[in-house]
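Participant: Order-wise, the sequence lines are chains A and B. Residue numbers for the first sequence follow this note's numbering, so the first one is 50 and each next one is one higher. Residue numbers for the second sequence follow this note's numbering, so the first one is 10 and each next one is one higher. Submitted below is the structure of interest, expressed as structure tokens.
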Amino acid sequence: MRKQDKSPSFFSGFSKNEFKRFLTYFVKRLFAVLISVTITCYLTILIAEMGGFVDTVVISQLKDEIRNMVRTSPEYASLSPQQQEEIIAIKLNLTIKERGLDTPFYVRSLVYLKNALTLDLGRANILVSDSGSRRVQAIIFERLPYTILLFTTATVLGFFINILFGLYLARHRGSLMDRIMVGLTFLSSIPGWFYGIIFIMIFAMYLGVLPYGGLVSIPPPSDPLLYALDILKHALLPILSWLFSGLWLGVYANRNFFLIFSTHGYVTVADAKGLPERRILSKYIIKPALPTIVTNLSLGIIGSWMGAMVTESVFNWPGIGSLTYKAINLKDTPIIVGTTVIYAYLLGLTMLILDIVYSIIDPRIRTGLSGGY
Amino acid sequence: MSKIKSASMRYAVLSELFRSKNAIIGFSIIILVSLLSVYAVVLYPPSIVTRIWSDPEYWRDKPVLALPEWYSSLLGLNLPPNIVLDTRKQDSRILKYTVSLNEYTEHEITFTFNYDYDAFPSEINAYVYAKFKTNPLIVMTFIRPDGREINLWSGTLTQNESFIILSNSPIAKKNVQEYFFNTFGEYISDPTTEVILFAVEKRGMDKPNTAEVLKSAGKSYKIKIRGAFFEKDSSLDVKLIIYGKIWGMLGTDDKRRDLLIPMIWGAPVALSFGISLSIIISLLHMFLGSISAWFGGKVDFVIQKITEIYMTVPFLSVLVMISMFYKVSIVIVFISVIFLSLFGGGVKSSRALALQLKQQPFVEAAKVYGASGLRIVVRYIIFAMAPTLVPGIISSIPGFVFLEAALAFLGLGDPVLPTWGKTINEANSAGALYNFYWWWILPPVIMLVSISLAFSLIGYSLDKIVNPRLREM
């Protein structure tokens with residue numbers, strides 16, 4: 050009886066005091082993440098501005114807007130094109146002054162920073178969203194769900210496979226399977242995108258059973274169920290290559306980690322008491338290891354955001370990774386700057402969500418004891 | 010005393026390492042790749058390779074997308090190599106004579122050659138070297154073993170040295186269309202000249218998959234070149250190339266370049282990029298981690314905060330941005346990578362190790378004799394920490410090798426150096442995967458895989474020896 054009282058489940062309600070601490074912790078982390086994102090955005094602007102790219106982009110965009118305004122307004126319709134051009138030039142100068150674009154760089158960069166942070170990312174030079182918009186924000190947001198779909202699936206799937214497999218090996222140390230898996234750890238030194246190329250060579254080029262890439266077949270099936278299956282078929286190779294690359298080292302690391310936890314005295318005692326295996330695993334091995342496991346998951350997701358860029362380009366998956374690839378080839382600078390800002394936000398958001406999960410599973414944060422990280 | 014001990018320990022580690030099968034495989038691969046690098050640098054010094062690699066004229070004599078030579082015998086087929094006929098060289102297949110009358114000179118060259126291969130050639134082109142004052146007229150005629158004559162090219166020369174595209178020239182295409190129309194009464198819109206020229210005369214000879222090679226079998230093919238010059242003091246020399254389907258050890262790409270060069274040149278680039286980055290970054294991480302642990306307080310706080318901020322910097326995106334905006338060489342990418350990974354995860358693990366080492370007697374002793382903080386960090390803590398981190402350094406090399414490959418794959422590779430990643434990028438953009446140009450994409454893939462496996466095999470073997478706790482498990 051007493052034992053059950055002392056071991057509350059992971060998600061049992063917080064007491065009032067704990068909630069307050071949780072809230073302070075959350076606000077602190079939110080603040081830290083916001084600072085990180087701001088710094089990254091500023092860094093992005095600095096890098097882009099050193100090549101003079103932001104200024105050119107912003108001013109050409111202003112010019113476009115003003116020209117459109119002047120050309121379509123009935124007010125100026127009676128003027129000759131030359132007079133219109135003069136008015137455009139005057140208005141442009143005024144707007145540049147008004148927006149503070151003629152100020153020294155450190156002031157100007159703050160204006161740009163504000164734009165970046167509010168996701169006002171300007172217009173693309175060449176690329177257009179499927180809905181026909183030139184706005185970088187629209188182009189990126191249109192593709193973001195595909196990236197999230199693919200890589201969150203892959204990372205979460207990989208996470209569970211690695212933990213379960215690692216746990217199994219830790220409990221069957223020295224078995225044939227264990228030795229094979231440990232011996233093959235080196236396979237993880239090849240990144241997912243590269244396995245992608247190898248898998249395309251095997252499954253698409255040589256065997257011809259799976260598609261080379263893309264999101265759906267052309268023409269796409271009209272039945273929604275078949276459509277979903279078609280997407281799944283196209284997502285199979287990218288997910289597989291991502292899982293395959295992470296599997297070996299992931300399983301090895303989890304195995305070693307669980308082994309360390311299994312050697313603790315209380316596990317031996319629990320074993321000696323004859324507690325069922327499931328209970329030992331969940332209560333005595335997984336639970337204390339959970340905070341570290343979650344940290345690993347967060348690192349995994351962050352890694353997958355970055356890996357997405359190349360993997361999507363390999364498989365021509367229509368997410369932000371392959372958008373970046375296209376933008377590189379077309380020299381579409383606003384898109385590149387935009388994706389960097391979005392990546393910074395994604396990383397920050399991932400960190401924040403995992404911080405919350407962390408604070409829920411790590412009692413030390415709630416109870417105010419030092420620790421956590 | 011301690012020196013002897015550490016030397017014998019090093020010996021013990023090495024001897025144990027060489028007892029591990031994995032490590033031996035890893036070392037052999039790395040030695041092979043190192044030899045390849047030396048070979049590459051000796052055979053094609055950097056100054057030469059960067060010049061020739063992006064120079065299309067240098068590669069004009071090579072066939073487009075040729076298979077490796079050895080593949081021909083592997084298939085049991087007799088695929089055509091390049092046939093080069095040069096009037097400036099002694100060759101029994103060349104007949105050349107000159108007739109002159111007052112101010113008029115006529116040069117006639119006849120190339121006679123056999124063609125007994127199982128596949129069609131890929132192209133026919135010629136270099137014409139002529140000496141003249143008034144532009145001469147040139148006519149080139151192709152004569153098949155069955156007696157058919159097709160005009161390949163005719164026109165005036167304007168330069169003393171010119172490169173003439175023959176089989177893909179509009180004149181040749183038009184004449185082949187005419188020949189086909191006269192024979193079969195059908196019009197083909199875009200004839201594959203080199204196929205029709207070398208095919209048995211029958212219906213379907215215009216398509217590569219239905220056409221059959223007209224083997225010379227005793228009778229030979231002829232190409233006749235006649236030049237009408239309008240002065241006495243003139244000369245005409247022709248180098249004719251009938252491009253084959255095989256070339257060299259690894260074939261060629263779509264720009265006719267020998268694929269052996271990026272294959273061997275990728276080795277020194279990958280090795281130097283991977284090894285030096287991994288060592289430099291690990292040392293910097295060790296240094297920052299130790300400083301953080303040793304000085305504690307504000308220094309520790311600042312370093313830890315910067316490390317956390319670094320985690321939200323989208324590394325690859327920023328690197329892409331830098332590479333794109335500044336049109337950089339591999340050297341600038343190298344420096345950017347160092348700056349972008351300065352406060353990476355390694356700082357945290359080094360800090361944890363340094364916190365333990367801080368309590369060790371030898372550090373206390375150093376403190377007592379009055380060593381400065383920086384001296385203790387560099388001379389004692391990093392030195393004590395380094396051996397346990399060597400396996401990690403070795404295992405992290407593939408990551409940097411693939412980083413270069415990833416940037417190159419995205420189209421941001423070094424503009425002049427041929428590397429493995431760049432070759433994969435070029436092959437991929439040319440549709441090598443869809444079109445089955447396996448000889449183009451497979452060698453760099455195999456090289457990248459083997460080099461990364463080699464380093465990680467050594468890394469993990471070393472890890473087992475240096476961190477014996479892993480061995481027990």
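Positions of the beta carbon are idealized from the N, C-alpha and C atoms, including for glycine. If you're wondering where the values come from, they're calculated on a predicted model, not measured in any experiment.
1. Please determine if the region 421 to 430 of chain B and the region 283 to 303 of chain B are in contact, where contact requires at least 3 C-beta pairs separated by less than 8 Å.
2. Please tell me whether B/Lys231 and B/Ile152 are closer than 7 Å, where the distance is taken between their beta carbons.
3. Looking only at DSSP bridge pairs, what is B/Val93 linked to?
4. Please name the residues in the region 241 to 252 of chain A whose beta-carbon is closer than 8 Å to at least one beta-carbon of chain B, in chain order.
5. What are the boundary residues of the alpha helix (DSSP H) that includes B/Lys473?
6. Going by the CB atoms, is the gap between B/Thr321 and B/Phe352 shorter than 7 Å?
7. When the cut-off is 7 Å and only beta carbons count, does A/Thr105 lie next to chain B?
8. With a cut-off of 8 Å on the beta carbons, I'd call B/Val58 and B/Ile270 a contact; round off their distance for me.
9. Taking DSSP as the reference, what is the three-state secondary structure of A/Gly118?
10. DSSP puts B/Ala139 in a beta bridge; with which residues?
11. Please report the straight-line C-alpha distance between A/Leu296 and A/Ile210, rounded to a whole angstrom.
12. On the three-state DSSP scale, how would you describe A/Ser266?
13. Going by DSSP, what residue range makes up the alpha helix (DSSP H) through A/Ile335?
14. Three Cβ pairs or more, each shorter than 8 Å: is that satisfied between the region 201 to 218 of chain B and the region 50 to 66 of chain B?
15. DSSP state of B/Phe207, grouped into three classes?
16. Determine the extent of the beta strand (DSSP E) in which B/Gly236 is found, giving its start and end residues.
17. Determine, using beta carbons only, whether A/Ile385 comes closer than 7 Å to chain B.
18. Given that A/Tyr392 touches chain B, what residues does it touch there, using C-beta distances under 7 Å?
19. Would B/Glu82 be called buried (16 or more neighbouring beta carbons within 10 Å of its own) or exposed?
20. From A/Asn174 to B/Gly298, what does the alpha carbon distance come to, in whole angstroms?
21. Between which two residues does the alpha helix (DSSP H) carrying B/Thr150 extend?
22. In this structure, does DSSP put A/Val177 in helix, strand or coil?
23. Please return the same chain residues whose Cβ sits closer than 7 Å to the Cβ of A/Leu141, not counting the five positions on each side in sequence.
24. Between which two residues does the alpha helix (DSSP H) holding B/Ile57 run?
25. Can you find the residues in the same chain that come closer than 7 Å, C-beta to C-beta, to A/Leu236, ignoring five residues on each side of it along the sequence?
26. Indicate the three-state DSSP secondary structure (helix, strand or coil) for B/Trp256 in the structure shown.
27. Answer yes or no: do A/Gly387 and A/Leu170 have a C-beta to C-beta separation smaller than 7 Å?
28. Taking DSSP's pairing of strands, which residues face A/Arg327 in a bridge?
29. Taking only beta-carbon positions, decide if B/Gly420 is within less than 7 Å of chain A.
30. From the DSSP output, which residues share a beta bridge with B/Tyr106?
31. Any residues in the region 423 to 435 of chain B with a beta carbon nearer than 8 Å to a beta carbon of chain A? Which ones, in chain order?
32. Check distances from the C-beta atoms of the region 392 to 422 of chain B to those of chain A and list, in chain order, the residues that come in under 8 Å.
33. Please give me, in chain order, every unbroken run of the alpha helix (DSSP H) with length at least 4 that falls completely inside the region 233 to 302 of chain A.
34. Alpha carbon to alpha carbon, how far is A/Leu403 from A/Leu213?
35. Say whether chain A places a C-beta atom closer than 7 Å to the C-beta of B/Asp466.
36. State yes or no: is the beta carbon of B/Leu442 nearer than 7 Å to at least one beta carbon in chain A?
Facilitator: Based on what the coordinates show:
1. no
2. Taking the second sequence and counting its residues from 1, one reaches residue 231 of chain B at position 222. Taking the second sequence and counting its residues from 1, one reaches residue 152 of chain B at position 143. Between B/Lys231 and B/Ile152, the C-beta spacing is below 7 Å.
3. Position 84 of the second sequence, counted from the start, is the residue given in the question as residue 93 of chain B. Looking at the DSSP assignment, B/Val93 forms a beta bridge with B/Ile250.
4. Trp242, Phe243, Ile246, Ile247, Ile249 and Met250
5. Reading the second sequence from its first residue, position 464 is the one you call residue 473 of chain B. Unbroken alpha helix (DSSP H) run through B/Lys473: Trp447 to Val475.
6. Residue numbering aside, residue 352 of chain B sits at position 343 when the second sequence is read from its first letter. Residue numbering aside, residue 321 of chain B sits at position 312 when the second sequence is read from its first letter. Taking a C-beta distance under 7 Å as the contact criterion, B/Phe352 and B/Thr321 do not qualify as a contact pair.
7. As a first step, residue 105 of chain A is located in the first sequence; it is residue number 56 there, counting from the start. Closer than 7 Å: no.
8. For the purposes of this step, residue 58 of chain B is taken as the residue at position 49 of the second sequence. For the purposes of this step, residue 270 of chain B is taken as the residue at position 261 of the second sequence. With 8 Å as the limit, B/Val58 and B/Ile270 qualify as a contact, their Cβ atoms being about 7 Å apart.
9. For the purposes of this step, residue 118 of chain A is identified with residue 69 of the first sequence, where counting begins at 1. Correcting the residue identity first, residue 118 of chain A is Met in this sequence and not Gly. Here A/Met118 sits in helix by DSSP.
10. The residue given as residue 139 of chain B occupies position 130 in the second sequence. B/Ala139 is bridged to B/Leu245.
11. Along the first sequence, read from residue 1 onward, the residue named residue 296 of chain A stands at position 247. Along the first sequence, read from residue 1 onward, the residue named residue 210 of chain A stands at position 161. Approximately 8 Å, taken between the alpha carbons.
12. In the first sequence, counting from the first residue as 1, residue 266 of chain A sits at position 217. Three-state DSSP puts A/Ser266 in coil, outside helix and strand.
13. Numbered from its first residue, the first sequence carries residue 335 of chain A at position 286. No alpha helix (DSSP H) contains A/Ile335, which DSSP labels as neither H nor E.
14. Too few Cβ pairs lie closer than 8 Å, so no.
15. Counting from 1 along the second sequence, the entry for residue 207 of chain B is found at position 198. The answer is coil: DSSP assigns B/Phe207 none of H, G, I, E or B.
16. Position 227 of the second sequence, counting from 1, holds the residue named residue 236 of chain B. Taken as a continuous stretch (DSSP letters only), the beta strand (DSSP E) holding B/Gly236 covers Tyr230 to Phe238.
17. Locating residue 385 of chain A in the first sequence gives position 336, counting from the first residue. By this cut-off, A/Ile385 is an interface position.
18. For the purposes of this step, residue 392 of chain A is taken as residue 343 along the first sequence, with counting starting at 1. Simply Pro323 and Ser326.
19. Position 73 of the second sequence holds residue 82 of chain B. Before going on, a small fix: residue 82 of chain B reads as Ser here, not Glu. Looking at its Cβ environment, which holds fewer than 16 other Cβ atoms inside 10 Å, B/Ser82 is exposed.
20. Reading the first sequence from its first residue, position 125 is the one you call residue 174 of chain A. Reading the second sequence from its first residue, position 289 is the one you call residue 298 of chain B. Their Cα atoms are separated by approximately 44 Å.
21. In the second sequence, counting from the first residue as 1, residue 150 of chain B sits at position 141. Per DSSP, B/Thr150 belongs to no alpha helix (DSSP H); it is in the beta strand (DSSP E), Leu146 to Ile152.
22. The residue you call residue 177 of chain A lines up with position 128 of the first sequence. In the structure shown, A/Val177 sits in coil (DSSP, three-state: anything other than H, G, I, E or B).
23. Sequence index remark: in the first sequence, residue 141 of chain A carries index 92 (1-based). These residues qualify, in order along the chain: Leu111, Lys112 and Ile115.
24. Walking along the second sequence from the start, residue 57 of chain B turns up at place 48. Segment Pro55 to Trp62, the alpha helix (DSSP H) holding B/Ile57.
25. The residue labelled residue 236 of chain A in the question sits at position 187 within the first sequence. Short of 7 Å from the beta carbon of A/Leu236, and not among the five residues preceding or following it, lie these beta carbons of its own chain, in chain order: Trp297.
26. For the purposes of this step, residue 256 of chain B is taken as residue 247 along the second sequence, with counting starting at 1. Looking at B/Trp256 - three-state DSSP - the assignment turns out to be coil, as it is neither helix nor strand.
27. Within the first sequence, the letter at position 338 stands for residue 387 of chain A. Within the first sequence, the letter at position 121 stands for residue 170 of chain A. Taking 7 Å as the Cβ cut-off, A/Gly387 and A/Leu170 qualify as a contacting pair.
28. Here residue 327 of chain A refers to the residue found at position 278 when the first sequence is read from its first residue. According to DSSP, which records beta bridges pairwise, A/Arg327 is partnered with nothing at all.
29. Counting from 1 along the second sequence, the entry for residue 420 of chain B is found at position 411. At a cut-off of 7 Å between beta-carbon atoms, B/Gly420 makes contact with chain A.
30. For this step, residue 106 of chain B is matched to residue 97 along the second sequence. BP columns for B/Tyr106 point to B/Glu117.
31. Ile433
32. Those residues of the region 392 to 422 of chain B that come within reach of chain A (Cβ to Cβ, closer than 8 Å) are Ser404, Pro407, Gly408, Phe411, Ala414, Ala415, Phe418, Leu419, Gly420 and Leu421.
33. DSSP runs (the alpha helix (DSSP H)) wholly in the region 233 to 302 of chain A: 241 to 248.
34. Within the first sequence, numbered from 1, the residue matching residue 403 of chain A stands at position 354. Within the first sequence, numbered from 1, the residue matching residue 213 of chain A stands at position 164. So the two alpha carbons sit approximately 20 Å from each other.
35. Taking the second sequence and counting its residues from 1, one reaches residue 466 of chain B at position 457. What sits at residue 466 of chain B in the sequence shown is Leu, not Asp. True, the Cβ-Cβ gap to chain A drops below 7 Å.
36. Numbered from 1 along the second sequence, position 433 holds the residue referred to as residue 442 of chain B. At least one chain A Cβ lies under 7 Å of B/Leu442.
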